[in-house]
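Numbering (full-length UniProt numbering), first residue to last: 1 to 296.
Backbone N, C-alpha and C fix where the C-beta goes; we use that ideal spot for every residue, glycine too.
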């Protein structure tokens, strides 16, 4: 199944896009100029409300992005900072923004995998002032957000649903421009697929992702992302039959085909995440040291 990605983002880094729904709260998007193989076009920051503003994902440590955020809210105040998850392209800018505004920080919690145990750019320095768990609520004038715990890409990942508007701030759980990287041990494929199925079951009017342009009517994308994971799992099982005893890295060409060399390591990690899921389900056995096999 092809995935209906938005391959272009017309918003220039540092510029401001107005997104608020008619009759709803003001929503502004600013994209950081940090493109790359994992960040794609760059990290999105969202400003929710007016006057007393809530910021979702400050982005990386980047002076130009910080200046753009502060210039956008000149005459207003950022009173709180929400983070979707603790990867540095989303939380690296927190310290400077807190220093400039005094805003309180909210998130699921600190990064859950200890330093040195792998993962994709985990931020072990972030510790929220207030924890937001599943069903946690954040309110402002004329709006109310509900936190959805969506682990998989990152164990402490949250999406935020804007009540009454069917708008989802999806972080890196579901992006309009790319699939999400799932890197064990912090990333978990079973958790990711379960959380994605949950999000896909709802009817959203607008997806506001951590990377990529806003996507109206994201249902087809969400279902395609989930189908893609099931198709990938089938390819992993086929590779296991053809290459018994292989490691995840050795199976990458068979499962992914031609791949940007910069993404080979990430592909091997995502493939490992599938293998760990299959092992937990009793459908595969082994590990990276001894190689992997079809169970039984």
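Nonlocal neighbours in the same chain, by C-beta distance under 8 Å from residue i, ignoring five residues either side
{"i": "residue 205", "result": "21, 165, 166, 167, 216 and 217"}
{"i": "residue 49", "result": "25, 26, 140, 141, 142 and 143"}
{"i": "residue 62", "result": "32, 33, 34, 92 and 93"}
{"i": "residue 80", "result": "54, 55, 103, 104, 105, 106 and 138"}
{"i": "residue 197", "result": "226"}
{"i": "residue 163", "result": "143, 144, 145 and 146"}
{"i": "residue 282", "result": "295"}
Environment of residue i [buried if 16+ CB atoms lie within 10 Å]
{"i": "residue 12", "result": "exposed"}
{"i": "residue 259", "result": "exposed"}
{"i": "residue 114", "result": "exposed"}
{"i": "residue 290", "result": "exposed"}
{"i": "residue 125", "result": "exposed"}
{"i": "residue 83", "result": "buried"}
{"i": "residue 229", "result": "buried"}
{"i": "residue 147", "result": "buried"}
{"i": "residue 88", "result": "buried"}
{"i": "residue 135", "result": "exposed"}
{"i": "residue 40", "result": "buried"}
{"i": "residue 158", "result": "buried"}
{"i": "residue 362", "result": "For residue 362 there is no data in the structure shown, the boundaries of the chain being 1 and 296."}
{"i": "residue 71", "result": "exposed"}
{"i": "residue 10", "result": "exposed"}
{"i": "residue 23", "result": "exposed"}
Neighbourhood of residue i by C-beta, 7 Å cutoff - its chain only, sequence neighbours within 5 removed
{"i": "residue 240", "result": "284, 292, 293 and 294"}
{"i": "residue 68", "result": "14 and 30"}
{"i": "residue 73", "result": "47 and 53"}
{"i": "residue 64", "result": "14 and 33"}
Same chain only: Cβ atoms within 6 Å of residue i, ignoring 5 sequence neighbours per side
{"i": "residue 175", "result": "209, 211 and 212"}
{"i": "residue 278", "result": "284"}
{"i": "residue 262", "result": "37"}
{"i": "residue 254", "result": "239"}
{"i": "residue 191", "result": "151 and 152"}
{"i": "residue 286", "result": "292 and 293"}
{"i": "residue 269", "result": "183"}
{"i": "residue 235", "result": "255"}
Residue interval of the alpha helix (DSSP H) (run including residue i)
{"i": "residue 284", "result": "That residue, residue 284, is in no alpha helix (DSSP H); its beta strand (DSSP E) goes 284-287."}
{"i": "residue 219", "result": "219-242"}
{"i": "residue 96", "result": "94-101"}
{"i": "residue 63", "result": "63-72"}
{"i": "residue 40", "result": "It is not in any alpha helix (DSSP H) - residue 40 carries neither H nor E in the DSSP assignment."}
{"i": "residue 105", "result": "Unbroken run through residue 105 is the beta strand (DSSP E), 104-107; no alpha helix (DSSP H)."}
{"i": "residue 90", "result": "88-91"}
{"i": "residue 196", "result": "189-200"}
Where the beta strand (DSSP E) through residue i begins and ends
{"i": "residue 270", "result": "Per DSSP, residue 270 belongs to no beta strand (DSSP E); it is in the alpha helix (DSSP H), 264-280."}
{"i": "residue 166", "result": "From DSSP, residue 166 is part of no beta strand (DSSP E); its letter is neither H nor E."}
{"i": "residue 132", "result": "That residue, residue 132, is in no beta strand (DSSP E); it is neither H nor E in DSSP."}
{"i": "residue 45", "result": "44-48"}
{"i": "residue 249", "result": "Note, residue 249: premise wrong, no beta strand (DSSP E); alpha helix (DSSP H) at 248-256."}
{"i": "residue 54", "result": "52-56"}
{"i": "residue 159", "result": "158-162"}
{"i": "residue 27", "result": "27-31"}
Distance CB(residue i)-CB(residue j) smaller than 7 Å
{"i": "residue 152", "j": "residue 199", "result": "no"}
{"i": "residue 44", "j": "residue 31", "result": "yes"}
{"i": "residue 177", "j": "residue 6", "result": "yes"}
{"i": "residue 55", "j": "residue 47", "result": "yes"}
{"i": "residue 4", "j": "residue 220", "result": "yes"}
{"i": "residue 129", "j": "residue 155", "result": "no"}
{"i": "residue 106", "j": "residue 133", "result": "no"}
{"i": "residue 122", "j": "residue 111", "result": "yes"}
{"i": "residue 250", "j": "residue 272", "result": "no"}
{"i": "residue 109", "j": "residue 76", "result": "no"}
{"i": "residue 233", "j": "residue 274", "result": "yes"}
{"i": "residue 170", "j": "residue 145", "result": "no"}
{"i": "residue 60", "j": "residue 97", "result": "no"}
{"i": "residue 252", "j": "residue 266", "result": "no"}
CB contact below 7 Å: residue i versus chain C
{"i": "residue 94", "result": "Of the chains in the structure shown, none is chain C; there is only one protein chain."}
Three Cβ pairs or more, each shorter than 8 Å: is that satisfied between the stretch 219-234 and the stretch 242-254? no
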